[in-house]
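Per the numbering used here, numbering through the sequence shown is continuous, rising by one, with the last residue being 752.
Cβ coordinates follow ideal geometry from the N, Cα and C atoms, glycine included.
Encoded as structure tokens, the structure appears first; notes follow it.
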Amino acid sequence: MINPLRGMKDLTFDESQRFVHIVTTAIGIAKKYGYEYIETPILEETALFKRSVGNSSDIVSKEMYQFEDKGGNDVCMRPEGTAGVVRAFVHAKLDRQPLKQKFYYYGPMFRYERPQKGRLREFHQFGCESFGEASVYEDFTIITMILQIFEALGIGFDLQINSLGCTTCMPPYKQNLVGFLTEIKEELCEDCNRRIESNPIRVLDCKNKTCQSLLVTAPKLIDDLCEECGADFKKLTALLENAGITYKIDTNLVRGLDYYNKTAFEFVSNDIGSQSAIAGGGRYDKLVEFLDGKPTPAVGFAIGIERIMELVQMPEIQKEGIYMGAMTPEAVETLFPLATQKRKEAKVTLEYNSKGFKSHMKGADKVNARYAVLIGEDELANGTVWVKDLESKEEKTIALDAF
Numbered sequence: 350m351i352n353p354l355r356g357m358k359d360l361t362f363d364e365s366q367r368f369v370h371i372v373t374t375a376i377g378i379a380k381k382y383g384y385e386y387i388e389t390p391i392l393e394e395t396a397l398f399k400r401s402v403g404n405s406s407d408i409v410s411k412e413m414y415q416f417e418d419k420g421g422n423d424v425c426m427r428p429e430g431t432a433g434v435v436r437a438f439v440h441a442k443l444d445r446q447p448l449k450q451k452f453y454y455y456g457p458m459f460r461y462e463r464p465q466k467g468r469l470r471e472f473h474q475f476g477c478e479s480f481g482e483a484s485v486y487e488d489f490t491i492i493t494m495i496l497q498i499f500e501a502l503g504i505g506f507d508l509q510i511n512s513l514g515c516t517t518c519m520p521p522y523k524q525n526l527v528g529f530l531t532e533i534k535e536e537l538c539e540d541c542n543r544r545i546e547s548n549p550i551r552v553l554d555c556k557n558k559t560c561q562s563l564l565v566t567a568p569k570l571i572d573d574l575c576e577e578c579g580a581d582f583k584k585l586t587a588l589l590e591n592a593g594i595t596y597k598i599d600t601n602l603v604r605g606l607d608y609y610n611k612t613a614f615e616f617v618s619n620d621i622g623s624q625s626a627i628a629g630g631g632r633y634d635k636l637v638e639f640l641d642g643k644p645t646p647a648v649g650f651a652i653g654i655e656r657i658m659e660l661v662q663m664p665e666i667q668k669e670g671i672y673m674g675a676m677t678p679e680a681v682e683t684l685f686p687l688a689t690q691k692r693k694e695a696k697v698t699l700e701y702n703s704k705g706f707k708s709h710m711k712g713a714d715k716v717n718a719r720y721a722v723l724i725g726e727d728e729l730a731n732g733t734v735w736v737k738d739l740e741s742k743e744e745k746t747i748a749l750d751a752f
């Protein structure tokens with residue numbers, strides 16, 4: 350027997366129903382906020398992620414499924430969704446249009462890392478990206494949308510926020526942070542020492558408990574924001590408070606991707622083990638420009654679908670559709686055109702083999718049908734069908750051409 354690759358799994362039975370429920374719920378809410386569907390390739394040039402996500406990130410340095418194809422191209426399986434959407438946005442020259450653009454997407458992402466609960470090598474995300482809106486009101490609206498999705502799915506969460514500043518306040522902060530980190534570098538882990546040189550901000554994101562204890566007294570960017578970033582962050586917290594949305598400011602929240610600036614946020618859960626983030630995102634006003642587009646403010650997020658699968662409260666499944674069955678072999682031929690006709694307006698399950706009454710009723714129950722439609726010897730002779738509403742228990746016999 351051939352098994353799936355480690356860290357990759359089939360999505361079947363109850364899990365597939367849960368997956369579809371998550372995606373359809375999120376799509377329905379995203380559409381209400383003006384988002385339209387976008388699909389980008391799974392396979393992209395490696396340069397896309399090196400330029401956007403950053404060479405110093407764990408994603409690029411350790412986790413990408415990267416290889417050379419038969420044409421000698423350096424390609425990789427997409428590790429996240431935002432970079433591909435931005436590339437598509439620039440490729441279609443949407444950055445040159447005055448209209449604000451909003452897109453949602455969902456699909457598989459790939460990262461080569463140790464599989465664990467809620468974290469696979471092939472995983473799925475639902476995400477949204479909003480282009481052309483610089484106002485912090487859009488940051489707040491994005492957070493509100495995620496909150497609405499999780500509430501619709503019955504998922505509890507805590508919201509954590511931070512500001513990553515901009516090109517005005519970030520450089521002096523980095524210099525200050527490097528000075529602090531250099532003094533304690535002997536006590537920091539190997540990854541943190543590497544990041545001091547490549548991207549010191551990422552040190553704040555280290556999961557090593559010893560490192561985290563040493564970083565308690567690290568300088569906080571939030572204390573040194575420029576006037577614009579400070580005003581935006583103050584406005585965001587005010588909007589959240591006025592809306593009655595509980596949040597926590599986490600000054601070590603930097604996200605794992607280099608393209609973020611200003612607002613960064615995560616929705617976290619204590620019900621999924623150590624990997625507590627179930628959604629995250631923020632503002633990335635420079636990324637369109639980094640990928641050769643016109644300067645365009647942008648903000649977005651992604652939800653890890655596998656992360657929330659076990660947390661979702663599924664709605665009660667309603668009886669749906671029609672189960673059709675023959676109680677005599679000759680009646681099967683009569684049911685075929687009837688099933689074809691009814692499939693234009695309803696879900697139909699047609700049993701090809703003639704069976705007894707009890708077997709058909711069990712079959713209708715298994716597919717959770719709303720109606721059972723049977724033809725036996727009497728119905729065949731009289732040109733009728735027997736119909737039972739399996740919800741109200743009402744049953745009747747009606748003419749075949751009237752059904």
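If you follow the beta strand (DSSP E) that residue i is in, where does it begin and where does it stop?
{"i": "C425", "result": "423–426"}
{"i": "P457", "result": "450–459"}
{"i": "I621", "result": "From DSSP, I621 is part of no beta strand (DSSP E); its letter is neither H nor E."}
{"i": "S708", "result": "Counting along the chain, S708 falls outside any beta strand (DSSP E), though it belongs to the alpha helix (DSSP H) covering 706–715."}
{"i": "R750", "result": "Note on residue identity: the sequence assigns Asp, not Arg, to residue 750. No beta strand (DSSP E) holds D750; DSSP gives it neither H nor E."}
{"i": "V736", "result": "733–738"}
{"i": "N702", "result": "Premise fails: N702 is in no beta strand (DSSP E) and is neither H nor E."}
{"i": "C555", "result": "First-last for C555: undefined, no H or E at that position."}
{"i": "G579", "result": "Note, G579: premise wrong, no beta strand (DSSP E); alpha helix (DSSP H) at 576–591."}
{"i": "C477", "result": "471–480"}
{"i": "S512", "result": "507–512"}
{"i": "G649", "result": "647–653"}
{"i": "G674", "result": "671–675"}
Thinking just about the alpha-carbon of each residue, which of the options is nearest to the one in residue i?
{"i": "Q474", "options": "Y701, E682, E388", "result": "E388"}
{"i": "M448", "options": "F480, R427, N422, P457", "result": "First, the amino acid is wrong: residue 448 is Leu here, not Met. Of the listed residues, the one whose Cα sits closest to L448 is F480."}
{"i": "L513", "options": "D507, L496, I550, A483", "result": "I550"}
{"i": "K715", "options": "E478, G421, T698", "result": "T698"}
{"i": "K711", "options": "T733, E679, D363, M673", "result": "M673"}
{"i": "L739", "options": "K380, E682, Q667", "result": "Q667"}
{"i": "D641", "options": "T559, A379, N352, A396", "result": "A396"}
{"i": "A592", "options": "E429, S741, M494", "result": "M494"}
{"i": "F616", "options": "Y609, N610, S625, Y608", "result": "S625"}
Could you pull out every residue in the same chain whose Cβ sits closer than 6 Å to the Cβ of residue i, ignoring the five residues on either side in sequence?
{"i": "P457", "result": "E471, H473"}
{"i": "K584", "result": "V485"}
{"i": "A567", "result": "F529"}
{"i": "G503", "result": "Q662"}
{"i": "G356", "result": "P464, L469, R470"}
{"i": "A379", "result": "Y453, C477"}
{"i": "Y608", "result": "S401, Y633, L636"}
{"i": "I408", "result": "V402, P428"}
Going straight from the alpha carbon of residue i to that of residue j, what length do you get?
{"i": "F416", "j": "Y720", "result": "53 Å"}
{"i": "P686", "j": "F650", "result": "48 Å"}
{"i": "F639", "j": "Q450", "result": "18 Å"}
{"i": "E478", "j": "T517", "result": "24 Å"}
{"i": "S618", "j": "I654", "result": "13 Å"}
{"i": "Y522", "j": "L606", "result": "18 Å"}
{"i": "A483", "j": "P646", "result": "5 Å"}
{"i": "S410", "j": "N404", "result": "6 Å"}
{"i": "A375", "j": "T361", "result": "20 Å"}
{"i": "L684", "j": "L496", "result": "48 Å"}
{"i": "R632", "j": "S401", "result": "13 Å"}
{"i": "V565", "j": "I545", "result": "17 Å"}
{"i": "L660", "j": "G629", "result": "17 Å"}
{"i": "V435", "j": "V637", "result": "6 Å"}
{"i": "K704", "j": "A675", "result": "7 Å"}
{"i": "E500", "j": "A580", "result": "29 Å"}
{"i": "N352", "j": "K358", "result": "9 Å"}
{"i": "Y455", "j": "I371", "result": "11 Å"}
{"i": "I571", "j": "R367", "result": "39 Å"}
{"i": "I594", "j": "E364", "result": "31 Å"}
Provide the residue span of the alpha helix (DSSP H) that contains residue i, from first to last.
{"i": "F639", "result": "636–639"}
{"i": "K691", "result": "680–691"}
{"i": "N525", "result": "519–533"}
{"i": "I495", "result": "485–502"}
If residue i sits next to residue j, beta carbons under 8 Å apart, how far is it from one beta carbon to the other, in whole angstroms?
{"i": "Q509", "j": "L602", "result": "6 Å"}
{"i": "E412", "j": "Y461", "result": "5 Å"}
{"i": "V648", "j": "E487", "result": "6 Å"}
{"i": "G476", "j": "G433", "result": "That belief does not hold up - the Cβ atoms of G476 and G433 are roughly 10 Å apart, past 8 Å."}
{"i": "C541", "j": "C560", "result": "5 Å"}
{"i": "I652", "j": "I621", "result": "Actually they do not touch by this definition, with Cβ atoms about 13 Å apart."}
{"i": "A748", "j": "G725", "result": "A748 to G725, Cβ: 15 Å. No contact."}
{"i": "I598", "j": "L563", "result": "That belief does not hold up - the Cβ atoms of I598 and L563 are roughly 20 Å apart, past 8 Å."}
Residues in the same chain with beta-carbon distance under 8 Å from residue i, minus the five sequence neighbours each way, listed in chain order, please.
{"i": "L443", "result": "Q450, F480"}
{"i": "I491", "result": "C477, S479, G630, V648, G649, F650"}
{"i": "L588", "result": "V485, Y486, F489"}
{"i": "K399", "result": "V409"}
Here's a check: name, in chain order, each residue in its chain whose Cβ is nearer than 7 Å to the Cβ of residue i, leaving out the five neighbours to either side.
{"i": "L392", "result": "V424, M426"}
{"i": "A695", "result": "G670, I671"}
{"i": "R445", "result": "K643"}
{"i": "C578", "result": "S512, G514, C515, C518, K611"}
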